[in-house]
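Asker: Respectively, the protein sequence lines represent chains S and Y. Going by our numbering, the residue at position 138 of the first sequence is 138; the numbering climbs one at a time, nothing skipped. Count along the second sequence starting at 1, add 155, and that's the number in our numbering.
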Amino acid sequence: MSIITIRNTVKLGLVLIVLGIATFLIVTNLPHRNVQGSKTDTQITLEQVYSEYKSDPNAADEKYLDESGDSNIMEVSGVFVSTNKNLNGQIILILGSKTESVKLRCTLISDFNEEINNLIQGDNITIKGVIRSGIYYDEALQRYGDFVFNDCDIK
Amino acid sequence: MKFLSITLIIVIQFLVGINDHSLNSQPNNSANLEEISTTNTHIKFFSTTPIEDIEANNYDASGIINKSTGRVAFSVPMQSFQFEKSLMQRHFNQGRFLDTKNHPTAQLIGEITNLEEIDFEKDGTYTAKVSGKLTIRGVTNDFTNWGKITISGNTLSVDSEFNVLLEEFGIAFKRGKPSTNVAKTILVTLKAEFDN
Chain S
1 MSIITIRNTV KLGLVLIVLG IATFLIVTNL PHRNVQGSKT DTQITLEQVY
51 SEYKSDPNAA DEKYLDESGD SNIMEVSGVF VSTNKNLNGQ IILILGSKTE
101 SVKLRCTLIS DFNEEINNLI QGDNITIKGV IRSGIYYDEA LQRYGDFVFN
151 DCDIK
Chain Y
156 MKFLSITLII VIQFLVGIND HSLNSQPNNS ANLEEISTTN THIKFFSTTP
206 IEDIEANNYD ASGIINKSTG RVAFSVPMQS FQFEKSLMQR HFNQGRFLDT
256 KNHPTAQLIG EITNLEEIDF EKDGTYTAKV SGKLTIRGVT NDFTNWGKIT
306 ISGNTLSVDS EFNVLLEEFG IAFKRGKPST NVAKTILVTL KAEFDN
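Have a look at this one:
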């Protein structure tokens, strides 16, 4: 094997090592999905998604939850109920329905949202966010839970 | 005479009905009045190994405490756990780890076994012993742990830490990166604030 061939092999090896390290660093440091910047998967009313979960929660989970956690990005229409803050200081918006006893709790992406200040209870609004939990009869709470959404904003 | 008998039977049945109803509903109504609930929670997973520390935070759990029966319950939407690195979050949710698509909630259902030592009407810090069941990934195990209940005015806070042995919930990594980077035992920290 000539000296030139050995040099080329070493160079190729070094390039492959650098590429491998770069790929590893890129993959392990991939940013979280930008929910608000991503395409909406489903546009639906709160009553419709509630009806789907009431009739068959497993089928609804199959439809809306993803194995990797990158679950369905949904625009859900309902009525504004209230806001509060969670223990992380984030704003939680409660979406409700005029006809059903169901609530959707969504964590807003921003700690400050001017639009919220203008909302009054009963206003029709649409939120966009990622579903984290559907509603199920909760054995722990002995009642139906709430829908839980994260990374939300008002459309 | 026949009319009088029928009327008497109806009246007796009506009175018995009222009695049954009040007997059945009274304890429930009383218990419900004593039940406080919250969604103001923070649950943290922490794994430490010589290679790395991994932390995940969840602010979406719901909880209840019944002050008269001592029943305590928390329901945790598993896909709400947020990791610093997205790849870790994906691994956490996947089938061989927490399988959150098929088991979207984890639950803790228990009872405060030393209820007589806690005065929910008096400010102070109390130690509560909770025994019950913990369900993660569809697997239920017995659970016993001590927690701290702090009552200050109209606020009741719960703080607790406990260890979860992953293998007991069907999560075991024999080889690969998770076997070296994820601890066998995870420290779980729970904080909840209730309106008392």
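In this text, a Cβ means the ideal position worked out from N, Cα and C, and glycines have one as well.
Who are the Cβ neighbours of Tyr-136(S) in its own chain at under 8 Å, not counting the five residues just before and after it?
Answerer: Answer for Tyr-136(S): Tyr-53, Pro-57, Tyr-144 and Gly-145, listed in chain order.
Asker: Please go through the same chain and pick out, in chain order, the residues whose beta-carbon is closer than 7 Å to the beta-carbon of Leu-342(Y), but skip the five residues on each side of it.
Answerer: Same-chain partners within the cutoff: Phe-201, Glu-316 and Asn-318.
Asker: Using a Cβ-Cβ cutoff of less than 6 Å, which residues in the same chain neighbour Ser-38(S) once the five nearest sequence positions on both sides are dropped?
Answerer: Excluding sequence neighbours, Ser-38(S) sits near Ile-73.
Asker: Kindly indicate which residue of Thr-99(S), Gln-36(S), Thr-9(S) and Leu-119(S) has the alpha-carbon position closest to the one of Gln-48(S).
Answerer: Among Thr-99(S), Gln-36(S), Thr-9(S) and Leu-119(S), the Cα nearest to that of Gln-48(S) is on Thr-99(S).
Asker: Express the C-alpha separation of Val-285(Y) and Cys-106(S) in angstroms, rounding to a whole number.
Answerer: The straight-line gap from Cα to Cα measures roughly 30 Å.
Asker: Could you please give me the residues that DSSP links to Thr-268(Y) through a beta bridge?
Answerer: Answer is none; Thr-268(Y) lacks a bridge partner.
Asker: Could you tell me whether the Cβ of Ile-167(Y) comes closer than 8 Å to any Cβ of chain S?
Answerer: Residue confidence is low: Ile-167(Y) scores 46 on pLDDT, short of 50, so the model does not pin down where it sits. No coordinate-derived value is stated.
Asker: At a Cβ threshold of 8 Å, is Glu-139(S) touching chain Y?
Answerer: Yes, contact with chain Y.
Asker: Using DSSP bridges, identify the partner residues of Lys-128(S).
Answerer: According to DSSP, Lys-128(S) bridges with Glu-75(S) and Asp-153(S).
Asker: Can you give me the Cβ contacts of Phe-252(Y) inside the same chain, cut-off strictly under 7 Å, excluding the 5 residues immediately before and after it?
Answerer: If we look at Phe-252(Y) and ignore the five residues flanking it on each side, its Cβ neighbours are His-246 and Ile-326.
Asker: So that I know if they touch, is there some Cβ in chain A lying closer than 8 Å to that of Glu-189(Y)?
Answerer: The displayed structure is made up of protein chains S and Y, and chain A is not among them.
Asker: Measuring CA to CA, which of Asp-215(Y), Arg-226(Y) and Pro-259(Y) is closest to Asp-66(S)?
Answerer: Out of Asp-215(Y), Arg-226(Y) and Pro-259(Y), Pro-259(Y) has the C-alpha closest to the C-alpha of Asp-66(S).
Asker: Which residues share a DSSP beta bridge with Phe-201(Y)?
Answerer: Partner(s): Glu-210(Y) and Leu-342(Y).
Asker: Please say whether Phe-275(Y) and Asn-351(Y) have beta carbons closer to each other than 8 Å?
Answerer: The answer is yes: Cβ separation under 8 Å.
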